[in-house]
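Here the structure comes first, spelled out in structure tokens, and everything after it is commentary.
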Amino acid sequence: MATMVLPRSLFEPQAQRHPLKSLALALACAWFTLGETGCHYDVLQPEGEGGTGCDSTATVSYAQDIAPLLDLRCNGCHSGGAPSAGLDLATHETVALYATAGILDQRVSLPESDPMFMPKNGAPLDECDLGKLQRWTDNGAPNN
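All residue numbers for the sequence shown refer to my numbering, where the first residue is 15 and numbers rise by one.
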């Protein structure tokens, strides 16, 4: 009668055989989850406004209204050495060019389901910010 020798690995717990397998799986899940969330920014309303403090008749300033809005909602992806879609929104000159051509207003006014909607993976601009952008553009997109 022949005896059969079973490999020792059959009797070891699986975690001892592949200690990095669980870590690799956890990292892969985290990487996938982060990739799915994309580039987006949460919008915080200034205290006291609550969405009702928007003056639709006030003069809109690039320096005080438009540039901060772009910094908060757009420039995370659309600035720097390799801006997304080649659309650099870091300077007044380029912002004014895209605004007067109607590109900015068009992209932020699309339905969220549209693949060209901006900000991608972010909340849409509120009515106050949309109005400011439109009034600034209608006024010739001045560097004020």
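Positions of the beta carbon are idealized from the N, C-alpha and C atoms, including for glycine.
Remember, predicted model here, so these are calculated numbers, not experimental data.
- For V109 against L84, the beta-carbon gap comes to about 7 Å, under 8 Å, which counts as contact.
- At a Cβ-Cβ threshold of 8 Å, A77 and N153 do not count as neighbours.
- Residues of the same chain with a CB within less than 6 Å of the CB of K146, apart from the 5 flanking positions on each side, are V74 and D79 in chain order.
- In this chain, the alpha helix (DSSP H) harbouring I117 covers I117 to S123.
- Residue state for E126 is assigned as coil, using DSSP reduced to three classes.
- If you draw a straight line from the Cα of D119 to the Cα of Q148, it comes to about 7 Å.
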